[in-house]
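Student:
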Ligand SMILES: Cc1ncc(C[n+]2csc(CCOP(=O)(O)OP(=O)(O)O)c2C)c(N)n1
Ligand SMILES: Cc1ncc(C[n+]2csc(CCOP(=O)(O)OP(=O)(O)O)c2C)c(N)n1
Ligand SMILES: [Mg+2]
Ligand SMILES: [Mg+2]
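Chains as they are written, first to last, in my numbering: chain G, 3 to 327; chain U, 3 to 327; chain D, 3 to 344; chain Y, 3 to 344.
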């Protein structure tokens with residue numbers, strides 16, 4: 003078997019889901035003939051037809067709203083929004099309708115849809131193409147928020163998201179689409195939502211991250227190991243539901259934590275993780291939990307982007323700061 | 003002089019601003035002939051004319067987008083969105099355009115507008131009318147987020163927001179519109195953005211809140227005092243910029259903190275405050291910082307709303323928990 | 003654009019009736035039922051038993067005339083002001099009242115009743131009807147979706163996106179705009195510079211029709227035709243029902259602040275129920291006793307629903323957590339435990 | 003709807019020219035300049051010196067013909083594909099190139115140049131033009147705002163809200179839709195079921211005109227009229243410029259995946275620059291030497307702008323914080339300090 007990219011893993015997951023269940027449909031801008039701006043849906047319209055792999059007009063609110071209606075009507079729509087920066091026009095549909103229909107109808111109607119969203123910086127893209135606004139979704143009750151960082155997880159989490167009876171925002175790290183590869187088992191498999199993974203066991207400090215930052219975090223753990231610091235790395239995989247137990251358990255053991263995300267610092271999801279740690283593991287903490295994050299600025303364009311995205315060095319330095327206490 | 007409500011204080015602030023500067027215009031749904039759903043703009047169209055107090059079609063994105071254009075063009079628009087639940091259609095305009103124009107034009111164009119938003123539960127309103135999504139705005143770089151809790155602050159902060167060269171989301175606690183009153187000085191005054199206020203000095207525990215929850219928090223401090231706990235109460239007034247120094251300084255003195263908001267817990271603004279406290283005052287903490295918040299559910303409707311909104315008892319209990327360590 | 007009318011304000015036919023007299027009697031009765039509910043709800047709100055209430059008085063023909071064109075398997079996707087249409091399509095009064103008391107259980111339509119909970123946000127729900135009809139088609143059914151909205155809602159971007167999607171994909175959707183003259187304090191003439199709402203259909207390559215919304219027969223006819231087209235796969239239709247909101251926007255609104263009382267009085271005299279009464283009476287198919295009788299029966303049904311709704315215990319501190327997901331997240335379980343204990 | 007044409011594809015006049023030959027020569031030169039920039043930018047992207055680039059080849063007449071109708075005090079609010087229009091209205095090449103290299107300083111138009119940075123989000127910017135024109139009017143000026151957008155952008159809800167606001171408030175706005183046949187891989191025929199974009203104006207009570215977007219003279223004429231109406235307080239106009247994107251959507255796009263090469267070839271033969279050349283030539287107002295000369299001059303100007311852009315040092319770690327607010331917040335100052343140190 004050969005290795006596949008994260009993009010190819012998602013393609014395979016979509017293809018399997020379309021095969022397995024007639025109710026699954028895909029909808030998004032340019033997902034058909036071109037296979038999407040990142041070619042993640044490549045070949046699917048050719049294989050499953052334009053009725054099930056639907057090219058949509060440029061109207062994100064309409065896409066999500068229509069998919070919502072389809073989901074209530076019995077389909078399982080998997081939406082693609084081209085970039086996270088274009089989800090905002092659909093924010094109202096997501097908050098006011100998608101996330102609420104189960105509650106407002108007390109289980110009579112549900113919206114089992116998935117909204118796939120490429121996110122994150124690091125490829126020197128144009129304005130609005132480098133967003134990491136996961137906190138704005140994680141704060142919305144009724145949504146689930148999932149963020150894979152490996153091809154295996156991407157495929158496995160996607161199948162779980164599609165099978166989930168509730169709406170899932172599925173964030174795909176643009177930077178990892180083609181830069182991580184691994185072999186996948188030939189048979190279908192799933193990865194449960196809400197379960198973090200210990201990507202590297204360790205005893206000195208817990209590094210907590212997800213999605214786009216996992217590559218840097220893994221590399222930082224490597225550097226730290228060389229410097230004699232044994233870091234435990236946790237890949238959250240889901241922000242909602244959050245595997246708080248995995249986080250707290252680890253920090254109670256290590257006594258130190260670094261939370262990493264690319265999103266803006268203020269009111270980013272790292273604040274939530276940090277707050278939970280101090281709530282539940284304060285007396286184990288040997289040092290303040292460090293947050294390594296993007297800044298509270300619009301993600302800079304290509305020529306200065308590197309000053310925004312957290313680096314391996316930043317993470318290593320933060321971990322070392324926690325070791326000093 | 004007689005006492006005025008928070009709603010009347012805002013009305014007076016708007017009226018003064020319209021008087022003081024011809025560039026100030028108001029725009030929103032039903033703000034003219036009816037004076038708005040909460041009568042906050044009562045009488046202003048009659049006084050300043052329909053060209054400056056503009057009744058808009060039901061189109062929140064259009065209202066904010068048009069106000070953005072007006073602001074770039076040299077006006078100072080003060081937008082009213084009827085309820086926070088109707089800001090979501092305008093989220094894209096706020097994030098992608100209003101908050102960014104200064105950065106994307108490197109100061110050449112700016113958007114000195116104010117978006118007034120009634121928010122919060124507690125009056126048994128219909129679906130979508132009880133939202134507290136301030137975190138979704140505070141997380142957006144380039145916006146300022148201001149939340150008064152008294153008539154004096156409401157008027158003073160509003161004047162500062164209108165005078166501010168950058169866009170301000172101005173959140174008005176629905177529940178306090180008519181339930182708090184005070185005398186205001188006859189002459190114009192301002193309250194600076196970014197400065198918290200110590201609403202009550204104390205030594206044992208710091209209660210940190212803003213806007214809609216301030217009434218409960220003040221009352222909780224009163225109850226605590228009766229029980230021998232001397233609580234310091236901080237009214238943040240601005241979430242962005244945040245007066246971190248006031249928070250940290252107080253917690254370093256008291257060693258204990260309770261953060262209170264009505265918004266959902268997960269990734270709410272309380273997480274940010276908590277994270278900052280543990281970052282900068284960990285070694286002073288005698289107990290975990292407590293968060294007293296709304297739950298991660300859609301705000302329940304009238305018959306069960308009371309189970310959602312944090313109560314005086316909840317706050318007292320949390321403060322007492324911190325005292326036990 | 004011309005406005006279709008079949009029943010003149012005085013109850014005389016100006017065209018061919020699309021319904022038998024018996025059928026008209028049935029729909030007359032439904033309008034009477036709607037009004038009984040409307041009056042009851044307004045009264046209850048004044049007594050503090052309901053949260054705000056949005057009366058649809060004067061819009062009974064627009065709602066009943068259109069919804070009557072549907073089959074049971076079709077969908078109704080409406081607003082806070084569309085109780086008559088929802089009820090006619092199977093949504094029980096008790097649900098409608100529950101919703102207005104502020105109880106989420108109002109949103110739980112009985113199984114098999116294809117009526118969405120009323121949309122409180124303006125404009126966002128029409129695209130749901132597009133999606134619903136679309137799903138029916140992909141699942142092999144010929145069911146259609148009818149969506150109700152106001153003149154104000156046509157200003158929202160989501161109206162445009164819904165119309166555009168319906169046009170492009172030819173979804174089985176019937177758009178019923180009740181142009182009742184006002185969106186809270188905004189008259190339709192300030193909501194859009196378009197002379198009619200119906201002509202907006204041109205922008206989406208779909209037919210638009212303008213109809214007297216206070217004329218039960220005309221409403222029925224255009225709706226029947228639109229439903230037939232949708233069901234046959236011929237695509238969506240926009241119907242502009244020209245009507246009037248004779249009451250306040252909601253019980254917290256005071257229309258005297260923004261409009262002339264005479265306008266409302268004038269429209270009260272064009273009452274859609276009176277018009278059908280006159281028609282039936284001229285046909286010998288109406289008498290006062292019958293109307294008193296159905297009015298009492300329908301009123302009693304509403305009263306029973308009110309009793310049922312009010313007898314229901316409000317949610318306890320734990321139950322509010324029960325319907326966010328199929329299975330609560332660990333966070334919600336923790337919060338529920340705290341809530342019960344707090 | 004009819005499509006206005008003044009200059010036939012072979013360069014012969016089919017109506018009266020709205021411009022003198024000298025003026026046409028000036029606009030011809032501007033089109034040549036636009037193409038010089040376009041070719042240079044495409045080439046630079048292939049060399050990795052620019053981020054993605056969106057070519058406007060074939061749309062020069064649509065842009066120059068419309069923007070030429072403006073006065074300096076007017077506003078241009080366009081997209082990533084409207085560089086020619088922006089430049090003609092005073093936005094320097096160096097700014098355009100800077101933006102494409104990925105440098106925020108590209109968005110800083112010189113003082114007095116009323117051109118907004120190009121909108122990258124589709125559809126959201128037209129309402130800004132509505133607000134800009136509105137502010138001009140309230141501030142006592144007669145300046146108008148012209149906004150450029152594509153066929154795809156007409157599907158966004160914000161297009162609708164912009165058109166509706168402009169109609170209701172009669173703002174001095176000129177909406178120029180360059181219907182270039184495609185929105186990435188979506189043909190206009192699948193973007194909307196409306197037969198034309200121009201007819202969408204009917205939904206907003208404003209005039210809509212359809213014009214050959216590859217005809218400089220027709221573009222100029224309809225734009226001049228629309229600008230005059232707007233300036234006179236007579237309200238907005240929607241112009242549909244029928245044209246074609248002969249190149250890829252952006253440099254990362256491969257049009258062979260979704261369209262027939264013949265269609266593009268066919269449109270290449272309707273080149274707007276060639277058409278004006280033929281017209282001028284027939285008039286004796288063109289010779290090859292002159293064109294070679296202006297081409298060289300314009301090309302050199304672009305080259306100098308490229309040099310200037312590339313000579314600019316990228317932002318350092320601290321400078322990225324400098325333009326979020328007039329004064330940085332304490333949080334930003336703290337972060338900047340960390341960033342410089344980190
Ligand atoms: C998105 C949104 N914006 C604003 C409101 C507040 N609001 C409630 S009803 C209404 C007017 C709607 O008018 P129309 O669509 O004509 O319906 P009608 O009430 O006349 O039936 C407004 C502005 C809302 N509910 N949702
Ligand atoms: C809100 C938003 N959605 C999606 C995109 C991605 N996107 C960029 S250009 C484009 C197509 C736009 O087509 P059109 O409006 O016809 O303009 P053209 O590119 O043809 O000039 C799309 C979908 C975007 N930039 N913004
Ligand atoms: Mg109305
Ligand atoms: Mg196009």
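For every residue, glycine included, the Cβ atom is placed at its ideal position computed from N, Cα and C.
Measure the beta-carbon distance from residue 57 (chain D) to residue 40 (chain D) and round it to whole angstroms, keeping in mind my assumption that it falls under 8 Å.
Tutor: 5 Å
Student: Name, in chain order, the residues that DSSP records as bridge partners for residue 180 (chain D).
Tutor: D:152, D:243
Student: Strictly under 9 Å for the Cβ-Cβ distance: is residue 123 (chain Y) near chain U by that measure?
Tutor: It does; some Cβ of chain U falls within 9 Å.
Student: CA-CA distance, residue 293 (chain G) and residue 272 (chain G)?
Tutor: Between the C-alpha atoms of residue 293 (chain G) and residue 272 (chain G) there is a straight-line separation of about 7 Å.
Student: Helix, strand or coil: how does DSSP classify residue 29 (chain U) here?
Tutor: strand
Student: I want to check one thing, is the minimum distance from the CB of residue 122 (chain D) to the heavy atoms of ligand 1 below 8 Å?
Tutor: yes
Student: Counting only the same chain and skipping the five closest in sequence on each side, list residues whose C-beta sits under 6 Å from that of residue 272 (chain Y).
Tutor: 11, 216
Student: Cβ of residue 153 (chain U) less than 9 Å from any chain Y Cβ?
Tutor: no
Student: In whole angstroms, what is the alpha-carbon distance linking residue 95 (chain G) and residue 280 (chain Y)?
Tutor: 52 Å
Student: On a CA-only basis, which of U:28, U:201, U:253, U:48 is nearest residue 223 (chain U)? Give me that one, please.
Tutor: U:201
Student: Any idea what DSSP makes of residue 72 (chain U), helix, strand or coil?
Tutor: helix
Student: Please state whether DSSP places residue 15 (chain Y) in a helix, a strand or coil.
Tutor: Of the three classes helix, strand and coil, the one that applies to residue 15 (chain Y) here is strand, per DSSP.
Student: Tell me whether residue 180 (chain D), by its Cβ, gets closer than 8 Å to a heavy atom of ligand 3.
Tutor: Checking the Cβ of residue 180 (chain D) against ligand 3 gives yes.
Student: Pairs of beta-carbons, one from the stretch 130 to 148 of chain G and one from the stretch 227 to 246 of chain G, closer than 8 Å: are there three or more?
Tutor: yes
Student: Which residues mark the beginning and the end of the alpha helix (DSSP H) in which residue 375 (chain Y) is found?
Tutor: With chain Y running from 3 to 344 in the structure shown, residue 375 (chain Y) is simply not present.
Student: Measure the Cβ-Cβ separation of residue 20 (chain G) and residue 50 (chain G) and say whether it is below 9 Å.
Tutor: Contact check for residue 20 (chain G) against residue 50 (chain G) passes: the beta carbons are separated by less than 9 Å.
Student: Report yes or no: is there a C-beta of chain D within less than 9 Å of the C-beta of residue 325 (chain G)?
Tutor: Judged by the 9 Å Cβ criterion, residue 325 (chain G) is not in contact with chain D.
Student: Please classify residue 250 (chain Y) as buried or exposed, where buried requires at least 16 neighbouring CB atoms within 10 angstroms.
Tutor: Its Cβ being crowded by 16 or more others within 10 Å, residue 250 (chain Y) is buried.
Student: Cα-Cα, which of G:27, G:187, G:199 is closest to residue 4 (chain G)?
Tutor: G:187
Student: Please say whether residue 260 (chain U) and residue 207 (chain U) have beta carbons closer to each other than 9 Å?
Tutor: yes
Student: Against residue 271 (chain G), what residues of chain U qualify as contacts under a CB-to-CB distance less than 8 Å, listed in chain order?
Tutor: 269
Student: Quick check on residue 290 (chain G) - is its C-beta less than 9 Å from some C-beta in chain Y?
Tutor: no
Student: With burial defined as no fewer than 16 other Cβ atoms inside 10 Å of the residue's Cβ, what is the status of residue 15 (chain D): buried or exposed?
Tutor: exposed
Student: At a Cβ cut of 7 Å, what residues of the stretch 51 to 63 of chain G count as close to chain D, listed as they run along the chain?
Tutor: 53, 59, 61, 63
Student: So does the stretch 225 to 238 of chain D actually touch the stretch 134 to 150 of chain D, counting three or more Cβ pairs closer than 8 Å?
Tutor: yes
Student: Among all the DSSP beta bridges, which residues are the ones paired with residue 185 (chain D)?
Tutor: Residue pairing for residue 185 (chain D): DSSP places it in a beta bridge opposite D:188.
Student: In whole angstroms, give me the CA-to-CA distance for residue 251 (chain G) and residue 81 (chain Y).
Tutor: Cα-Cα distance, rounded: 51 Å.
Student: For residue 139 (chain G), which residues of its own chain have a beta-carbon under 6 Å away from its beta-carbon, when the five flanking residues on both sides are left out?
Tutor: In the same chain as residue 139 (chain G), and ignoring 5 residues on each side of it, the C-beta atoms closer than 6 Å to its own belong to 145, 147, 171, in chain order.
Student: Hey, is residue 185 (chain Y) close to ligand 2, as in C-beta under 8 Å from one of its heavy atoms?
Tutor: yes
Student: What does the alpha-carbon distance come out to for the pair residue 2 (chain G) and residue 223 (chain D)?
Tutor: What the structure shows of chain G is the stretch from 3 to 327, and residue 2 (chain G) is not part of that stretch, so it cannot be assessed.
Student: Alpha carbons only, please: which of Y:247, Y:59, Y:37 is nearest the one belonging to residue 390 (chain Y)?
Tutor: No information on residue 390 (chain Y) is available, as it lies outside the stretch 3 to 344 that chain Y covers here.
Student: Any beta carbon from chain U within less than 9 Å of residue 331 (chain D)'s own beta carbon?
Tutor: yes
Student: Whole angstroms is fine: what's the gap from residue 69 (chain G)'s alpha carbon to residue 185 (chain U)'s?
Tutor: 52 Å
Student: Are residue 134 (chain Y) and residue 64 (chain U) touching if we call contact CB-CB under 9 Å?
Tutor: The answer is no: Cβ separation not under 9 Å.
Student: For residue 223 (chain D), return the contacting residues in chain Y, with the cut-off set at a CB-CB distance below 8 Å.
Tutor: Simply none; closest approach about 24 Å.
Student: Compute the Euclidean distance between the alpha carbons of residue 265 (chain U) and residue 150 (chain G), then round it to the nearest angstrom.
Tutor: 28 Å
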